Structure formats: structure tokens, C-alpha cells
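A.B. asks: Got a structure for you, written out below as C-alpha cells; questions coming shortly.
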Amino acid sequence: MEDEDSSKLKNALAFFAQRGLLAWLLLLVVWQIAANMMGNSFLSTPLKTLSGAEELIKTGTLQSDLLVSLFRIVCGWLIGTIIAVPLGLVVGQFKIVRWLIEPLINFFRFVPAIGFLTLFLLWFGVGEVSKVTLIIYATMFPIIINTITGVVAVDPLKIESAQSQGASKFQIFYSVVIPSSIPSIFTGVRLGLGGAIIAIVAAEMLAAQNGIGYLIYTSRLYYRTDWIFVGIFILGFLGYISDMILRLFGNVALRKYGISDKQRIIK
């Protein structure tokens with residue numbers, strides 16, 4: 001009987017652990033203990049954070065700031081993706097272009113987006129253009145690098161097989177190179193989304209009058225650590241849900257090109 005009860009307990013723990021619920025429960029316990037030790041002025045409790053979220057929702061502040069940040073992220077990320085994917089394909093496909101462009105890519109990808117914020121504010125003003133441009137910059141490099149990697153890593157046997165059947169260079173590029181590169185492209189797109197969220201938070205903290213980053217930054221003035229945690233969790237959930245949607249679309253695209261589950265890297 002004891003062995004049966006022990007087995008049920010282990011199975012229950014395994015069930016919760018596999019779904020990440022155990023980690024969240026542990027986080028809440030540690031968070032509550034730390035808040036009790038430090039005091040609510042420095043670290044809000046989970047319940048107080050929920051109360052702060054309710055307060056922000058009732059005033060409409062949370063919805064407004066979330067929509068503003070979401071608009072900036074989506075605009076910058078989409079434009080960055082539209083620019084980066086074709087550029088990565090061209091750089092990866094043509095050696096002469098790679099020799100010319102790759103040194104610049106490898107230089108600027110190590111310069112953080114926030115380093116350009118002051119310049120973008122001078123060039124584009126304090127409006128939306130400077131913030132969206134910053135997100136475009138942060139989005140592009142992970143996508144470009146992963147796209148180049150995907151193109152360069154295409155199996156030469158696939159290219160030789162297409163050539164033996166009389167396929168032109170364009171046909172090989174369209175029918176062999178691009179489909180084979182899609183897993184790497186989607187990995188870059190997902191990483192680019194993370195870069196977009198990081199960039200917008202930094203931009204809104206320093207050069208905005210609204211948005212989740214602005215909410216987090218200004219909450220310190222009122223010692224509202226509950227509002228700060230609300231903003232942090234909103235960003236986390238925003239990124240998590242967006243990534244889930246991307247993975248869904250990515251796997252659909254992979255199935256379209258006949259890439260098996262074992263070949264997928266979008267997990």
C-alpha cells in the first residue's frame with residue numbers, strides 16, 4: 001500500500017514538473033518568503049502584485065501601455081524580418097556578397113541596440129519612428145546570422161542532385177536552398193522577437209511617455225514594486241505567447257516543405 005501511494009506521489013510530481021507547474025509553485029514560495037524578509041516597500045508579495053495588476057486594469061493604464069508596446073514591437077519586428085531574411089539569403093548564397101558584407105554584420109551585431117538610441121532620437125525625433133527603428137536594428141542581426149548559417153549549411157548532395165536534373169541556379173535557390181534554410185530562419189525570427197522586446201523596454205524607459213517599459217521605470221518613483229512586477233510578468237507572458245504562436249507557424253511551414261519532426265529545430 002505504501003509503495004502504491006509513493007508511486008502515485010512520484011507520478012503526480014512528475015506530471016506537474018513536466019508542465020513547469022512545480023517550478024512556478026517553487027517561485028511563488030521563494031518570492032513570498034523573500035518579500036516577508038525584505039518588506040513590501042522593496043519587494044511586493046504575489047498577492048499584492050495581483051492587487052496592483054487589478055488596480056492598473058481598472059484605470060486602463062495596463063491595457064493602454066500594453067497596446068502601445070505591442071504595436072511598437074510588432075511593427076519593428078515585422079519590418080526587421082522583412083529586411084533581414086532576404087538579406088541573409090543573398091549574403092549566404094553569394095560568396096562575393098558574403099566577403100563584402102559579413103565583416104560589417106559581424107561588427108555591428110556586437111553593438112547593442114541601446115547604444116544607437118541617442119543617435120536615433122537625434123535623427124528621427126522622440127516619436128514612434130526612433131523606437132521602431134531601434135527594434136528593427138535589434139531584430140535584424142539574429143535573423144541575418146541564422147539565415148546565413150542555414151544557407152551555408154545546405155547539403156551539397158541536394159544541390160548536386162538538382163543540378164543533375166537540369167535545374168537552373170534560380171530553381172535550385174528557390175526549391176532547395178530556401179526550404180532547407182527555413183528551420184534556421186525561424187530560429188533567427190524567434191531570437192529576433194526576443195531582441196525586439198528587450199529593445200522596446202530600454203527605449204520606453206529612456207525616451208517614452210507610455211508603454212510597459214515606461215510603466216516599469218516610473219513605478220520606482222512611487223515605490224510601487226507591485227506595478228514593477230506586473231510589468232515584468234506582462235513582458236514575460238507577451239514573449240512566451242508570441243513564441244508559441246511563432247513555433248506553431250514555423251512547424252506548419254516545415255510540414256509544407258516536407259521536413260520531418262526529427263529534422264525540426266523549432267521545439
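Residue numbers (the UniProt record's numbering): 1 to 267. Where is the CB? At the ideal position from N, CA and C, for every residue including glycine. Being a predicted model, the structure only gives us computed values, none of them experimental.
Could you round the C-beta distance between Gly192 and Pro112 to whole angstroms and report it? I think they count as a contact, below 8 Å.
C.D. replies: Here the question's residue 192 lines up with position 192 in the sequence shown. Here the question's residue 112 lines up with position 112 in the sequence shown. The pair is not a contact, with the Cβ atoms about 14 Å apart (cut-off 8 Å).
A.B. asks: Going by CA-CA distance only, name the one from Phe186, Phe124, Val126 and Ser130 that's closest to Ile144.
C.D. replies: Within the sequence shown, residue 144 is the residue found at index 144, counting from 1. Selected option, being the one with the closest Cα: Phe186.
A.B. asks: In the DSSP assignment, the alpha helix (DSSP H) including Phe110 goes from what residue to what residue?
C.D. replies: Here the question's residue 110 lines up with position 110 in the sequence shown. Element bounds for Phe110: n/a, residue is neither H nor E.
A.B. asks: In this structure, how does DSSP classify Ala253 when only helix, strand and coil are distinguished?
C.D. replies: Within the sequence shown, residue 253 is the residue found at index 253, counting from 1. Helix.
A.B. asks: For the alpha helix (DSSP H) containing Gly88, name the first residue and the last one.
C.D. replies: In the sequence shown, the residue the question calls residue 88 occupies position 88. Unbroken alpha helix (DSSP H) run through Gly88: Thr61 to Gln93.
A.B. asks: Looking only at its chain, what residues have a beta carbon closer than 8 Å to the beta carbon of Gly80, apart from the 5 residues adjacent to it on each side?
C.D. replies: On the sequence shown, position 80 is the one that residue 80 refers to. If we look at Gly80 and ignore the five residues flanking it on each side, its Cβ neighbours are Ile135, Ile136, Tyr137, Ala138, Thr139, Met140, Ile143, Gly192 and Ala196.
A.B. asks: Which one of Ser51, Gly236, Asp226 and Pro183 has the shortest CA to CA distance from Val247?
C.D. replies: Walking along the sequence shown from the start, residue 247 turns up at place 247. Note that residue 247 corresponds to Arg in the displayed sequence, not to Val. If we check each option's Cα against that of Arg247, Pro183 comes out closest.
A.B. asks: Taking Gly188 as the reference, give the member of Ala162, Gly150 and Gln171 with the closest Cα.
C.D. replies: The residue you call residue 188 lines up with position 188 of the sequence shown. Considering only alpha carbons, the answer is Gly150.
A.B. asks: Looking at the secondary structure, which residues open and close the alpha helix (DSSP H) in which Arg190 lies?
C.D. replies: Locating residue 190 in the sequence shown gives position 190, where the first residue counts as 1. Segment Ile178 to Ala207, the alpha helix (DSSP H) holding Arg190.
A.B. asks: Looking at C-alpha atoms only, which residue of Ile57, Met38 and Leu27 is the closest neighbour of Gly231?
C.D. replies: Here residue 231 refers to the residue found at position 231 when the sequence shown is read from its first residue. The shortest C-alpha separation from Gly231 is found at Ile57.
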